[in-house]
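Chemist: Encoded as structure tokens, here's the structure I'll be asking about.
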Amino acid sequence: MAKKGASKKSSAKKKSNKNDSTKKSSKKLSAKKKSGPKKDEVTMTLTQDAEAPAQQTPGQAVAQQTPTPAATQQTPDQSAEKSAPNTKQAKKIRLTSIAFVESPLQFLSALETHDPDEDLLIRARANAKGMTSFLDAFDPAWLPKRVSLERVGAKPGILRKQTFDRIYIGDACSGQVHKALSLAYLERRMPEVVILDDGLATYSTIEILTAKRGPLVRPRQKLKASRAVMAAHVADRLRGLAPAGKLRWHTALPVSKTMRKAFLKTGAEITRHKFKHLQTLPTGGSHPRDNPVIGSALVADGLIHEDSYRAWLDELMAHGPITYYPHRRETDEFLAELDRDERVRIKHVGLPIELRLVNLPPNSTIRSLPSTAAISLATLNPDVTIAVTEIPPEWWTGASADSLRKSLNAQSVKADVDT
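Take 824 as the starting number for the sequence shown in the numbering used here and just add one per residue.
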């Protein structure tokens, strides 16, 4: 009986020792796991973009503030940190973008640039000349899906509160845009920036960004010291994006081989569009009975003499009545005087001429001085003849640089299809 009791105690002691050994082994394994390298952290370090700003994306901010099922969208960094097992089932991350536009053409260019897989907020500067009437006439139903519109311009607050994956800029020389970018990204890395068409003045913007230095300023524009500092700062920041592949120009304008080569050499990109979305909109309206003429802002801008411009219109009217589509910057005084001529029918439209004349009958002829509208309409309707009159040397007031005169008259330049 004693041996049997001793046997039981020995067995219990061995079992106890075995359990202790198992627990110690388990503790050692647990300690090893805790002290070992964290695979998730290594993965995050390897996948983090060196050019990416050390800041939160809109999805990260929302997820931290309100961790609800509706805010479970993750950025690549978040996925690396959590190492979710169902990676294959993760939803595709949708880009969040913002566009600052100050003219109807810039607005339309933003619509053409919009990626179907991005949420785009268009902030239109409603107090810019001609923008209020345009926005009133523009039907919100014409906006593509996932595009929203706010009638405010560029403000630093929106860029501080929310981080965007992409910023579209209509007027790269705008003081309001410069202020917003300078204040919001003074000590932060900027996201991808896309330059939109801003008329023929876009050529000047691209030349400035291609140069090694110089502020983003319009031809003939004189800036105060504070504005000049911001214009130079923004220009340098945008140039710095090019080598990282984060600067792009999306355009419908013809691009010379020289300009194309110089811009691409910086590391920037050029992409093209042909107003694909615009052509789907039901905005053609009634077609003019008389010869359509596109109005020019060159007189209002002080670049050409008014009497030379009026002489050109008189020459057109000598062959019959005309329908005149004013430019949004033409003065009321000039248009009132022109309206007294019985051979002229002035057609005021809230929508830009690209929207009004998109569906002209084939073989129609539109007359114009060098303008972006002439290029746009030629792209929209190749069956329509755009008769562009080159501006003679004696028309110029001397207020514009030689480079601007050449670019305005260079209507025969061919677009480079390789871009």
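A virtual CB, placed ideally from N, CA and C, is assigned to each residue, including glycine. Predicted model only: the values in this text are computed from it and were never measured.
On the three-state DSSP scale, how would you describe P908?
Modeler: Position 85 of the sequence shown, counted from the first residue, corresponds to residue 908. Residue placement at P908 is poorly supported in this model, since its pLDDT is 40, which falls under 50; the coordinates still yield a value, given next. Three-state DSSP puts P908 in coil, outside helix and strand.
Chemist: With H, G and I counted as helix, E and B as strand and the rest as coil, what does DSSP make of N1114?
Modeler: In the sequence shown, counting from the first residue as 1, residue 1114 sits at position 291. DSSP places N1114 in strand when its eight states are reduced to three.
Chemist: Comparing C-alpha positions only, which one of P1149, L1004, G953, L1161 sits nearest to D1137?
Modeler: Translated into the one-based positions of the sequence shown, residue 1137 becomes position 314. Residue L1161 is the option with its Cα nearest to D1137.
Chemist: What is the DSSP secondary structure of R983, reduced to helix, strand or coil?
Modeler: As a first step, residue 983 must be located in the sequence shown, where it is residue number 160. The answer is helix: DSSP assigns R983 an H, G or I state.
Chemist: Output the distance between the C-alpha atoms of L1032 and D1113, rounded to the nearest integer angstrom.
Modeler: For the purposes of this step, residue 1032 is taken as residue 209 along the sequence shown, with counting starting at 1. For the purposes of this step, residue 1113 is taken as residue 290 along the sequence shown, with counting starting at 1. Distance between the alpha carbons of L1032 and D1113: 42 angstroms.
Chemist: Put S1191 into one of helix, strand or coil per three-state DSSP.
Modeler: One-based indexing of the sequence shown puts residue 1191 at position 368. If DSSP states are grouped into helix, strand and coil, S1191 belongs with the strands.
Chemist: D942 bridges to which residues according to DSSP?
Modeler: Counting from one through the sequence shown, the residue named residue 942 turns up at place 119. Answer is T919, bridged to D942.
Chemist: Kindly indicate which residue of R969, S956, R983, R1095 has the alpha-carbon position closest to the one of S926.
Modeler: Position 103 of the sequence shown, counting from 1, holds the residue named residue 926. Selected option, being the one with the closest Cα: S956.
Chemist: Kindly confirm or deny that the region 1156-1175 and the region 982-990 touch, where touching means at least three C-beta pairs closer than 8 angstroms.
Modeler: The answer is no - the region 982-990 does not touch the region 1156-1175, with fewer than three Cβ pairs under 8 angstroms.
Chemist: In this structure, how does DSSP classify A947 when only helix, strand and coil are distinguished?
Modeler: Counted from its first residue, the sequence shown places residue 947 at position 124. DSSP places A947 in strand when its eight states are reduced to three.
Chemist: I need the DSSP call for A1051, collapsed to helix, strand or coil.
Modeler: On the sequence shown, residue 1051 is found 228 positions in, with the first residue counted as 1. Three-state result, A1051: helix.
Chemist: Could you say if the region 963-974 and the region 930-948 meet the contact criterion of at least three C-beta pairs nearer than 8 angstroms?
Modeler: Flag = yes, the region 963-974 and the region 930-948 touch.
Chemist: In this structure, what does DSSP give as the bridge partners for D1021?
Modeler: Taking the first residue of the sequence shown as position 1, residue 1021 is located at position 198. Paired residue(s): L1023.
Chemist: So, at 8 angstroms on beta carbons, what are the nonlocal neighbours of A1123 in its own chain, with the 5 sequence-adjacent residues on each side left out?
Modeler: Your numbering for residue 1123 matches position 300 in the sequence shown. Same-chain partners within the cutoff: H1150, R1152, E1153, T1154, F1157.
Chemist: Quick one: measure Cβ to Cβ for L972 and I945, integer angstroms, because I've assumed they're closer than 8 angstroms.
Modeler: Translated into the one-based positions of the sequence shown, residue 972 becomes position 149. Translated into the one-based positions of the sequence shown, residue 945 becomes position 122. Going by Cβ atoms, the distance from L972 to I945 rounds to 5 angstroms, so yes, they are a contact pair.
Chemist: From K1069 to S1079, what does the alpha carbon distance come to, in whole angstroms?
Modeler: Position 246 of the sequence shown, counted from the start, is the residue given in the question as residue 1069. Position 256 of the sequence shown, counted from the start, is the residue given in the question as residue 1079. Their Cα atoms are separated by approximately 22 angstroms.
Chemist: Using the Cα positions of R948 and G980, report the straight-line distance between them to the nearest angstrom.
Modeler: Your numbering for residue 948 matches position 125 in the sequence shown. Your numbering for residue 980 matches position 157 in the sequence shown. Their Cα atoms are separated by approximately 15 angstroms.
Chemist: Among L1087, M1082, M1053, A1054, which has the Cα closest to the Cα of A1067?
Modeler: For the purposes of this step, residue 1067 is identified with residue 244 of the sequence shown, where counting begins at 1. The candidate whose alpha carbon is nearest that of A1067 is L1087.
Chemist: Identify which residue in W1218, V1000, L1006 has its Cα closest to the Cα of R983.
Modeler: For this step, residue 983 is matched to residue 160 along the sequence shown. Comparing Cα positions, the closest option is L1006.
Chemist: Given this structure, state the Cα-to-Cα distance separating L1046 from V1116, to the nearest angstrom.
Modeler: To locate residue 1046, count along the sequence shown from 1; it is residue 223. To locate residue 1116, count along the sequence shown from 1; it is residue 293. Computed Cα separation, rounded: 35 angstroms.
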